[in-house]
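For reference, the structure discussed in these notes is given below.
Numbering (the working numbering), first residue to last: 3 to 186.
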């Protein structure tokens, strides 16, 4: 209810100053209360989760499941495998299921709870139905606001962002690589 009251105040203020806020798309983190408030107050707006917040959510889950040591020490390439989960979001929707099926067996047994959580929350299960609609198989994420800073322009798609990030990792400055390593 607090989110709804806050958004209502923002909408009322906008109306008071002569702005008609009726966005076609709203970007948010994955807090259900915020998503529900947006859906209630802006029912014609599409709600999209933020890639940055999703990556933070994955990292928190890695920590919660006591997998941080595997990640930090990159045991058997665990770090890149976790990042590849997020990279699935850059694929066309019709390719995500097959790509995940190829990636899943590469994870160690210790990560089975992480994979189950990923499936339930981002690929197949509850959150996808809540955020994107019952017929979706994957949530389409908006690009984090720093893509403009990193790439010098707004990019047209997540796939393009991934290609640009890959280019930066290969050819970018140490500052670029540091930012990508700590924010994706």
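We treat Cβ as the ideally placed atom computed from N, Cα and C, and that holds for glycine.
For residue i, write down the residues that DSSP places opposite it in a beta bridge.
{"i": "residue 79", "result": "For residue 79, which the question treats as bridged, DSSP gives no partner whatsoever."}
{"i": "residue 29", "result": "50"}
On the CB-based measure, 16 or more other CB atoms within 10 Å of its CB, does residue i come out buried or exposed?
{"i": "residue 154", "result": "Residue confidence for residue 154 is low, a pLDDT of 46 falling below 50, so the modelled location carries little weight; the figure read from the coordinates is stated next. With fewer than 16 Cβ atoms within 10 Å of its Cβ, residue 154 is classed as exposed."}
{"i": "residue 21", "result": "exposed"}
{"i": "residue 80", "result": "buried"}
{"i": "residue 1", "result": "Absent from the model: residue 1. The displayed extent of the chain is 3 to 186, so no value can be given."}
{"i": "residue 88", "result": "buried"}
Just to confirm, is the Cβ distance from residue i to residue j under 8 Å?
{"i": "residue 59", "j": "residue 26", "result": "no"}
{"i": "residue 116", "j": "residue 44", "result": "no"}
{"i": "residue 2", "j": "residue 29", "result": "Outside the modelled stretch of the chain, which goes from 3 to 186, sits residue 2, for which no answer is possible."}
{"i": "residue 31", "j": "residue 52", "result": "yes"}
{"i": "residue 9", "j": "residue 37", "result": "no"}
{"i": "residue 73", "j": "residue 90", "result": "no"}
{"i": "residue 110", "j": "residue 78", "result": "yes"}
Closer than 7 Å by C-beta to residue i: which residues in its own chain qualify, once you throw out the five before and the five after it? Chain order, please.
{"i": "residue 119", "result": "63"}
{"i": "residue 108", "result": "83"}
{"i": "residue 23", "result": "13 and 16"}
{"i": "residue 128", "result": "For residue 128, the predicted model reports a pLDDT of 48, less than 50, meaning its position is unreliable; a value from the coordinates is still stated below. Cβ neighbours of residue 128 beyond the five flanking positions: 122."}
If you drop the 5 nearest sequence neighbours on each side, which residues of the same chain put their C-beta closer than 8 Å to that of residue i?
{"i": "residue 42", "result": "6"}
{"i": "residue 135", "result": "Only weak support exists for where residue 135 lies, its pLDDT of 41 falling under 50; the coordinates are left without a value."}
Apart from the five residues just before and just after residue i, which ones in its own chain have a Cβ nearer than 6 Å to its Cβ?
{"i": "residue 86", "result": "105"}
{"i": "residue 67", "result": "115 and 116"}
Q) Could you give the uninterrupted runs of the alpha helix (DSSP H) lying entirely in the segment 80-116, keeping only those of 4 residues or more? A) Taken in chain order, the complete alpha helix (DSSP H) segments of 4 residues or longer contained in the segment 80-116 are 80-89 and 95-105.
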